[in-house]
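A short write-up of the structure that comes next.
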């Protein structure tokens, strides 16, 4: 019994060392399942058609895009990860195929400039409104209650 357990452990150990497992041996005859359209479109929606301008790959009706979606399906069936497929298309067609460009080179400005512009606009608007408020306060007549009371009393005295 001990020899059998030792042989099984030794066999598993050698199998793992050389990359063979029982499931790999059993699955050699099976083909991996074909990716669904949802899996393909989930990746294709993050890519833009290199031929058509500003058209996502998942909705582009051109024959080239149909072929590229089929190519995504083939790459998924071969075991490519989502990032590997993006890298493949970037290597073939450049960064312009990505829906969101990587933050490197001058592309980082796309991520930095809008928030900075909104923040700067908010600060400028706040300062301008403060200046307007101060200008309104200076322009308004500064009547004090004591002056008002004095005028009322003077008018009452004049009517008596």
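Numbering (our numbering), first residue to last: 8 to 167. Just so it is clear, CB atoms sit at the ideal spot from N, CA and C, and this is done for glycine as well.
For residue i, is the classification buried or exposed, using 16 other Cβ atoms within 10 angstroms of its Cβ as the cut-off for buried?
| i | result |
| --- | --- |
| residue 75 | buried |
| residue 123 | exposed |
| residue 138 | exposed |
| residue 73 | exposed |
| residue 12 | exposed |
| residue 92 | buried |
Return helix, strand or coil for residue i, following the three-state DSSP convention.
| i | result |
| --- | --- |
| residue 64 | coil |
| residue 87 | coil |
| residue 76 | helix |
| residue 69 | coil |
| residue 167 | coil |
Let me check understanding here. Comparing Cα to Cα, which of the options lies closest to residue i?
| i | options | result |
| --- | --- | --- |
| residue 51 | 16, 85 and 90 | 90 |
| residue 61 | 105, 79 and 88 | 105 |
| residue 82 | 12, 134, 146 and 47 | 47 |
| residue 108 | 162, 55 and 16 | 55 |
| residue 98 | 137, 135, 57 and 130 | 57 |
| residue 80 | 134, 158, 102 and 49 | 49 |
| residue 53 | 16, 103 and 10 | 103 |
Going by DSSP, which residues form a beta bridge with residue i?
| i | result |
| --- | --- |
| residue 55 | 63 |
| residue 105 | 54 |
- Message: For the structure I just gave you, are there three or more beta carbon pairs, one from the stretch 117-128 and one from the stretch 62-72, closer than 8 Å?
- Response: Three or more beta-carbon pairs separated by less than 8 Å are not found between the stretch 117-128 and the stretch 62-72, which leaves the two stretches without contact.
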